[in-house]
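As you go down the protein sequences, you meet chains A and B in turn. The letter at position 120 of the first sequence is residue 120 when you use this note's numbering, and the numbering goes up by one with no holes. In this note's numbering, each number is its position in the second sequence, counted from 1, plus 277. Notes follow once the structure below has been shown.
2 protein chains.
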Amino acid sequence: MQIVSENRAFGGRQLVLRHPSAACGGCEMTLGLFLPEEARAGPVPVLWYLSGLTCTHENAMVKAGAQGWAARHGLALVFPDTSPRGDGVADDAAYDLGQGAGFYVDATEAPWAPHFGMWSYLAEELPGRLFEAFPLDPAAQAITGHSMGGHGALTLAMAQPGRFRSVSAFAPICNPTGADWGRKQLAAYLGLDESTWARHDASLMMAERGFEGPVLIDQGASDQFLANLRPETLATAMAARRQPGAFRMQEGYDHSYFFVSSFMEEHVIFHATALWG
Amino acid sequence: MQIVSENRAFGGRQLVLRHPSAACGGCEMTLGLFLPEEARAGPVPVLWYLSGLTCTHENAMVKAGAQGWAARHGLALVFPDTSPRGDGVADDAAYDLGQGAGFYVDATEAPWAPHFGMWSYLAEELPGRLFEAFPLDPAAQAITGHSMGGHGALTLAMAQPGRFRSVSAFAPICNPTGADWGRKQLAAYLGLDESTWARHDASLMMAERGFEGPVLIDQGASDQFLANLRPETLATAMAARRQPGAFRMQEGYDHSYFFVSSFMEEHVIFHATALWG
Chain A
1 MQIVSENRAF GGRQLVLRHP SAACGGCEMT LGLFLPEEAR AGPVPVLWYL SGLTCTHENA
61 MVKAGAQGWA ARHGLALVFP DTSPRGDGVA DDAAYDLGQG AGFYVDATEA PWAPHFGMWS
121 YLAEELPGRL FEAFPLDPAA QAITGHSMGG HGALTLAMAQ PGRFRSVSAF APICNPTGAD
181 WGRKQLAAYL GLDESTWARH DASLMMAERG FEGPVLIDQG ASDQFLANLR PETLATAMAA
241 RRQPGAFRMQ EGYDHSYFFV SSFMEEHVIF HATALWG
Chain B
278 MQIVSENRAF GGRQLVLRHP SAACGGCEMT LGLFLPEEAR AGPVPVLWYL SGLTCTHENA
338 MVKAGAQGWA ARHGLALVFP DTSPRGDGVA DDAAYDLGQG AGFYVDATEA PWAPHFGMWS
398 YLAEELPGRL FEAFPLDPAA QAITGHSMGG HGALTLAMAQ PGRFRSVSAF APICNPTGAD
458 WGRKQLAAYL GLDESTWARH DASLMMAERG FEGPVLIDQG ASDQFLANLR PETLATAMAA
518 RRQPGAFRMQ EGYDHSYFFV SSFMEEHVIF HATALWG
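Put into C-alpha cells, the structure is as follows:
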C-alpha cells in the first residue's frame, strides 16, 4: 500500500492510501485511513464508512467530522472509494451509474464486469490488505455509510455474519430493488434476472435474516430523496423482525453532510459501545 | 440578505447568504451563517471565522467541524468570503493575490481599490447587516481565523477595542510586513509606503497595543508554511507585552483543515467562556 498523503489529526494520523486491486480488475484504488493515537501501541477497532453516489474516498474524510469522535473512542476509520476509477474503466454520463456509483456489488454484465467488483473488494480484498499492513483488529469491526453507502454497509453486514459487531447508516438506500436508486443500477451491473438482486437489498435482507448485533438508522424527514431511499421499507422490516436497534426519523434534516455530521457523534458512540463492549 | 441555501445542522440552521456590498464596490458577497437552536428564542453570541488564501465562505463551513461545538455552546458562526468576486472584479493569476486573497485590507491602489474593501466590509458593513437581519448579540462577539484569516482576525480584534471579547487563530500569518505572505499583497493593495502597512501586521499591533481580552494561538510545528507565517514574531510580542492568553506549538500538525478541526473544540470552548462569562 502506497501512502499518498499523511496529516496529523486529533492526535492520530489521517492517511490516504493507494493500491492496485485484484477485485477491481487491477485498477488503482484510493482510500482514506484514520489511525487514532492508540494504534501506536497495538491493534485498534475499525469503523468502516461507505460513501454515497458521486463521492470519492475524500468526501466523508473531510466533511463528516468523524475523526474527532473516533479519536476520542480509540477507533480507526476506513473511507473506501465508491467505485473503480481510471481511463480504462467503464463509465456512464449519468451521475448514478459507473464511476462514483459502484453500488457495492460485483458486476456480472458488460461493460462493468471487468472492474466493478466493489463487493469482493470490501468483503475480502481490502480488509485483508489493511489488516496485514496496519494495526487494526479484525475481531473488532463495525460499519456505517451514507445513502448508497448505507445500502452497502447494511447489505455487507447482513451478508457476512460474524464480521461486524454493529451496523449503522445515514439515510441509506433501503430498497434498491423497488426504487430509481437501484433498479437501473442492479439491471446494469447484475442483469435483468431479478433473483440476483435480493441479496443487495437491505430491506429484503432484513426481512429474511436480519443482523446479529445492534442496528442504528438515522433518516432526515426533509430528505429530498425520500422516494429513492424508501426508508419505510427498512423500518417495517426492522419492526417485523424485532431487530435490536433504532430507526430514527430526524425532523428537518436533509440528505447533506450537514445531516451526517450532526449525528456522527452518536453513531461513533453507538459503534464504540459495541466494539469495546 | 438573500438566503441561497439552508440546511438543518446540529439542531440549528446552516444558511448561505448573499447580498450586494457597498464596501466591496457593489459586488455580490456570499457568506455562511450558522444559527444554533437557541437563536429561535432570541439573540445569541457570535463567533466570526475568517478563512485563508484560496478559500471561499464554504471551506470552513464544510471542513472545520465548528458547528457541532458552536451548537453545544449556543454560539452563532459567521463564515465570510475572503475577497470580492465576479467578472467585473480585478484578479491576478497568482493564488495569493486578488480574488480569494483579499488580505482583510481596504485597497487604495489600482486595480484593487474599487472592490477590495474587506476591512470595511468586516469591520462595519457585514456586522451591521447581520445584526439587523438575524438574532445575533452585537455585545457578544468573538473572532477566529486560519492563516490569512488568522491575520484578519487578530488585526481586526486589536484595531476595534471593545468589539470582540476574545480572539484566536489557527496558524495565522503573523508578520505580513516581513514575509512573502504579506509584502507582495500589502504593496499591491496599499502601495509602497510601508507606514500604511503596520496596522495590518498582527505582531506589530501586538507589540504596540495588544488585545484587551484573552488570546489563543495554535500553530502546527510541522506546518509547511512556517517561513511565511513567522509565528515566532507573534509569540515574542505576546510574551513581551504580557498578553493574557496562550501561544501553543502543536507537534506534528501541518497547515491543513485536519489541523484546524483537531483544535476547533478547544477554540470554541475558549470563546464560549469569554462570551458567556
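All C-beta atoms in this analysis are idealised placements derived from N, C-alpha and C, irrespective of residue type, glycine included. Computed from a predicted structure; not experimentally measured.
If we define contact as Cβ-Cβ less than 9 Å, is G68 (chain A) a contact residue for chain B?
yes
Just the C-alpha distance for G342 (chain B) and L354 (chain B), rounded to the nearest angstrom, thanks.
11 Å
Whole-angstrom Cβ separation of M148 (chain A) and G52 (chain A), contact assumed at under 8 Å?
5 Å
Could you give the first and the last residue of the continuous beta strand (DSSP E) run that contains Y257 (chain A)?
No beta strand (DSSP E) contains Y257 (chain A), which is instead part of the alpha helix (DSSP H) from Y257 to W276.
Taking the alpha carbon of T144 (chain A) as the reference point, which residue from A:A101, A:M158 and A:W197 has its own alpha carbon closest?
A:M158
Where does R525 (chain B) fall in DSSP's three states?
strand
Residue(s) in a DSSP beta bridge with M29 (chain A)
A:H19
Please look up how many angstroms separate the CB atoms of V382 (chain B) and H477 (chain B), rounded, as I've assumed it's under 8 Å.
5 Å
Continuous beta strand (DSSP E) assignments of at least 3 residues falling wholly in the region 399-448 of chain B
413-422 and 441-447
Tell me whether Y49 (chain A) sits in a helix, a strand or coil according to DSSP, three-state version.
strand
What does the Cβ neighbour count give for T253 (chain A), buried or exposed, with the cut at 16 atoms within 10 Å?
Per the sequence shown, the amino acid found at residue 253 (chain A) is Tyr instead of Thr. Label assigned to Y253 (chain A): buried.
Where D470 (chain B) falls, given that 16 or more other Cβ within 10 Å makes a residue buried:
exposed
Which same chain residues end up closer than 6 Å to V314 (chain B) when comparing Cβ atoms and leaving out the 5 residues on each side of it in sequence?
Before going further, note that residue 314 (chain B) is Glu rather than Val in the sequence given. So the qualifying residues of the chain are G288 and G289.
Excluding five sequence neighbours on each side, which residues of the same chain lie with their C-beta closer than 6 Å to the C-beta of A337 (chain B)?
Y326, S328 and F356
Cβ neighbours of D373 (chain B) in the same chain (closer than 6 Å, five flanking residues each side left out)
L330
Boundaries of the beta strand (DSSP E) in which E283 (chain B) is found, first to last residue:
Q279 to A286
Proximity of A94 (chain A) and S83 (chain A) at Cβ, strictly below 9 Å
no
Is the shortest distance between the beta-carbon of D218 (chain A) and the beta-carbons of chain B less than 9 Å?
no
How about A353 (chain B): is its C-beta nearer than 9 Å to some C-beta of chain A?
no
Are P322 (chain B) and D414 (chain B) close, meaning C-beta to C-beta below 9 Å?
yes
Run through chain B and tell me which residues come within less than 8 Å of V62 (chain A), C-beta to C-beta.
V339, K340 and Y534
Counterpart residues of G289 (chain B) in DSSP-defined beta bridges:
B:A286
Let me check one thing: in DSSP terms, what residues is F356 (chain B) bridge-paired to?
B:G309
Going by the C-beta, is A169 (chain A) closer than 8 Å to any heavy atom of the ligand ADP?
Although the ligand ADP was asked about, the structure shown includes no ligands whatsoever.
Does any CB atom of chain A fall closer than 9 Å to the CB of Y329 (chain B)?
It should be pointed out that residue 329 (chain B) corresponds to Gly in this sequence rather than to Tyr. Closer than 9 Å: no.
How far does the alpha helix (DSSP H) with V339 (chain B) in it reach, from first residue to last?
E335 to K340
Shorter than 9 Å from the beta carbon of Y253 (chain A) to some beta carbon of chain B?
yes
Identify the contact partners of S168 (chain A) in chain B, using a Cβ-Cβ distance below 7 Å as the criterion.
Within chain B, no residue comes near S168 (chain A); the closest Cβ sits about 18 Å away, beyond 7 Å.
CA-CA distance, G162 (chain A) and P176 (chain A)?
25 Å
Just to confirm, is the Cβ distance from R362 (chain B) to M278 (chain B) under 9 Å?
no
How should G405 (chain B) be labelled, buried or exposed, when 16 other C-beta atoms within 10 angstroms of its C-beta is the threshold for buried?
exposed
What residue range does the beta strand (DSSP E) around G351 (chain B) cover?
It is not in any beta strand (DSSP E) - G351 (chain B) carries neither H nor E in the DSSP assignment.
At the level of alpha carbons, what is the spacing between H334 (chain B) and D91 (chain A)?
33 Å
Suppose only complete runs of 4+ residues qualify. What are the alpha helix (DSSP H) ranges in the region 93-122 of chain A, listed by chain order?
none
Starting from I173 (chain A), follow its DSSP beta bridges and name the residues at the other end.
Its beta-bridge partners do not exist; DSSP assigns none.
From what residue to what residue does the alpha helix (DSSP H) around G459 (chain B) run?
D457 to L467
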